[in-house]
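Note sheet for the following structure.
Residue numbers (our numbering): 133 to 761.
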């Protein structure tokens, strides 16, 4: 570690480590408590009352006591409690907590840094490289994940239970994991017992009123903006008033830092909807813990569900030739626009119902706030939007003729389509002519009618590891020699009026694709991709396995993959990865609904759901097909 970094960290730790090395501020900063009206929709942001204390909340007090006891024993990593672990999980956690490499960043100058174990589970296949897949094929392997609050980094260990040893450790700087059940309960307790929340709601809320307590968030010009603190955003929807109160909780400081009213849009959703049982063991065993193989129409591939990257297509081939190493949608960035930025205190991060809330100040007294949503397996995953049933495979019919097939996975919040609940779908289409399309679908409903959605697609099109990516400039395709990005206007002249990008093999002239961005031409009601594209050199640690949350929900000029192109490495004749990020604006105007869902009563007097989906994603068409036209 560089000396200047050590010095900076020493100053940081000296300032924030309290009794027994405890990394917490016991008292919050005094902040203005006056609510501020934001706009004509009566949206407002509320800052906590001066003197609001949270240390006496039972869940917070017990947590702080456990940390003090931990530090008094000379340890620095708070383990998961037994009720979050199975028998093998307890063994795996103990093995990791005795591994020097796993613990390498847990102290500084002999002082403990605050670390929590966030996850211990049977290692999903999406977290294993080829070597570990072979190793773990006939033995139990577990993943142990911890978060370092002081350094804002995540460490992930793979544990071989048969040999009782850690077989791999990876550290992810400036990246945050899904939070543990204990921290979710702490976030809920802070939101439920906050005097500010109680005053704003006009009553003492119950846990049944709360949702999204483990969804991370951030706030511009605050420690949450660049995710310096771990923040979530528990939410209290009020369907009669058509608004929701977001309680933004900073889990690094264990306090409410703000609350935010936001409109829900008109809804007829009943107040009571039975929660579906999503922890489906069959899905875990059949789709999360192993690869599935499928072949049809010359296509062959593996597929599985990940913990937080949705449905992944792996080792894709067509007529025996390599097409893609991995295709997946790794994140959904969800942002809402509001006014009142000039009066917004963003000195600390926010958490709403366990969801971390991000806030980013802009111009004209506006700011963005929102979430980063992950999609994942239904058990032992803290992804908020969970797999609902297993992957479905069906035929693609055009003009009464079967032209291909698709594989689709549905992900839902348990209370969808109620406000502040989300539903996404991953859909991969494969055509008999060798074309394929990667599709991200949003079925609403979200927390408001001013949402901006950005699905982050990671498209590892592997044409024998020697590829060229090019962009059409109106006259010809110009190849990228170094890593970079491109923001589409949606109005560029395209090759044959269809194709804006191209990827091809430099080893096989017959192997390559024109890339057709979605401009609403696919007959699915889409309003277009409005995409930004990034091209990076392939590196296994940059998303080849299950990823942590990538980027900011609310910095609209950043999508997350920027970090992978900072070095501007040469990509000519290299294996490259395409990051494709559409931008979608929802709409709840009557007759213009888009990215929206609502409940109604049907003609028989029963509840029914209306859906206005938004569908985005590019199509890859073989170069040889187009050139022969």
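Glycine residues also receive a C-beta, built at the ideal position from the N, C-alpha and C atoms.
All figures in this text were calculated on a predicted structure; none of them were measured in a lab.
Integer-rounded CB distance, given that residue j should sit under 8 Å from residue i
{"i": "residue 192", "j": "residue 221", "result": "Actually they do not touch by this definition, with Cβ atoms about 25 Å apart."}
{"i": "residue 550", "j": "residue 369", "result": "7 Å"}
{"i": "residue 467", "j": "residue 507", "result": "Rounded, the Cβ-Cβ distance is 18 Å, inconsistent with contact."}
{"i": "residue 393", "j": "residue 375", "result": "6 Å"}
{"i": "residue 365", "j": "residue 203", "result": "Contact flag wrong, Cβ pair sits at about 29 Å."}
{"i": "residue 686", "j": "residue 492", "result": "4 Å"}
{"i": "residue 189", "j": "residue 380", "result": "Not confirmed; about 16 Å, so no contact."}
{"i": "residue 751", "j": "residue 648", "result": "4 Å"}
{"i": "residue 259", "j": "residue 678", "result": "5 Å"}
Alpha carbon of residue i to alpha carbon of residue j, nearest angstrom
{"i": "residue 693", "j": "residue 589", "result": "10 Å"}
{"i": "residue 273", "j": "residue 266", "result": "11 Å"}
{"i": "residue 236", "j": "residue 247", "result": "12 Å"}
{"i": "residue 279", "j": "residue 683", "result": "17 Å"}
{"i": "residue 256", "j": "residue 695", "result": "25 Å"}
{"i": "residue 547", "j": "residue 758", "result": "45 Å"}
{"i": "residue 613", "j": "residue 261", "result": "28 Å"}
{"i": "residue 754", "j": "residue 281", "result": "47 Å"}
{"i": "residue 556", "j": "residue 705", "result": "36 Å"}
{"i": "residue 232", "j": "residue 298", "result": "10 Å"}
{"i": "residue 528", "j": "residue 558", "result": "15 Å"}
{"i": "residue 367", "j": "residue 470", "result": "17 Å"}
{"i": "residue 721", "j": "residue 655", "result": "21 Å"}
{"i": "residue 418", "j": "residue 268", "result": "16 Å"}
{"i": "residue 406", "j": "residue 416", "result": "At residue 406 the pLDDT is 32, less than 50, meaning the model places this residue with poor confidence; the figure from the coordinates comes in the next sentence. Each residue's Cα considered, the two are about 22 Å apart."}
{"i": "residue 296", "j": "residue 186", "result": "40 Å"}
{"i": "residue 428", "j": "residue 565", "result": "12 Å"}
{"i": "residue 337", "j": "residue 325", "result": "8 Å"}
{"i": "residue 641", "j": "residue 301", "result": "40 Å"}
Simplified DSSP assignment, three categories, for residue i
{"i": "residue 623", "result": "coil"}
{"i": "residue 227", "result": "helix"}
{"i": "residue 593", "result": "coil"}
{"i": "residue 204", "result": "helix"}
{"i": "residue 328", "result": "helix"}
{"i": "residue 536", "result": "strand"}
{"i": "residue 286", "result": "strand"}
{"i": "residue 280", "result": "strand"}
{"i": "residue 660", "result": "coil"}
{"i": "residue 219", "result": "helix"}
{"i": "residue 234", "result": "coil"}
{"i": "residue 696", "result": "helix"}
{"i": "residue 333", "result": "helix"}
{"i": "residue 254", "result": "strand"}
{"i": "residue 419", "result": "helix"}
{"i": "residue 557", "result": "strand"}
{"i": "residue 674", "result": "coil"}
{"i": "residue 765", "result": "Outside the displayed range of the chain (133 to 761) lies residue 765, so it cannot be described from this structure."}
Exposure of residue i, with buried meaning 16 or more beta-carbon neighbours within 10 Å
{"i": "residue 702", "result": "exposed"}
{"i": "residue 619", "result": "exposed"}
{"i": "residue 463", "result": "buried"}
{"i": "residue 584", "result": "buried"}
{"i": "residue 292", "result": "buried"}
{"i": "residue 465", "result": "buried"}
{"i": "residue 361", "result": "buried"}
{"i": "residue 639", "result": "exposed"}
{"i": "residue 672", "result": "exposed"}
{"i": "residue 288", "result": "buried"}
{"i": "residue 211", "result": "buried"}
{"i": "residue 652", "result": "exposed"}
{"i": "residue 334", "result": "exposed"}
{"i": "residue 646", "result": "buried"}
{"i": "residue 519", "result": "buried"}
{"i": "residue 756", "result": "exposed"}
{"i": "residue 242", "result": "exposed"}
Residue i Cβ short of 6 Å to the ligand NAP heavy atom set
{"i": "residue 285", "result": "With respect to the ligand NAP, the structure shown offers nothing to examine, as it has no ligands at all."}
Short CB-CB distance (under 7 Å) between residue i and chain C
{"i": "residue 361", "result": "No chain C is present in this structure, which holds just one protein chain."}
Check: Touching or not, the stretch 300-316 and the stretch 326-340, by the rule of three or more beta carbon pairs under 8 Å?
Finding: no
Check: Should the stretch 715-726 be regarded as contacting the stretch 652-663, the criterion being three or more beta carbon pairs within less than 8 Å?
Finding: When C-beta atoms of the stretch 715-726 are compared with those of the stretch 652-663, three or more pairs fall below 8 Å, so the two segments count as touching.
Next item on the list: Spell out a yes or no on whether the stretch 586-606 and the stretch 625-639 are touching, meaning 3 or more CB-CB pairs, one atom from each, closer than 8 Å.
Entry: yes
Next item on the list: Check whether the stretch 568-581 touches the stretch 740-757, taking contact to mean three or more Cβ pairs, one atom from each stretch, closer than 8 Å.
Entry: yes
Check: Do three or more CB pairs link the stretch 426-433 to the stretch 444-456 at distances below 8 Å?
Finding: The stretch 426-433, when compared against the stretch 444-456, does touch it at the 8 Å Cβ threshold.
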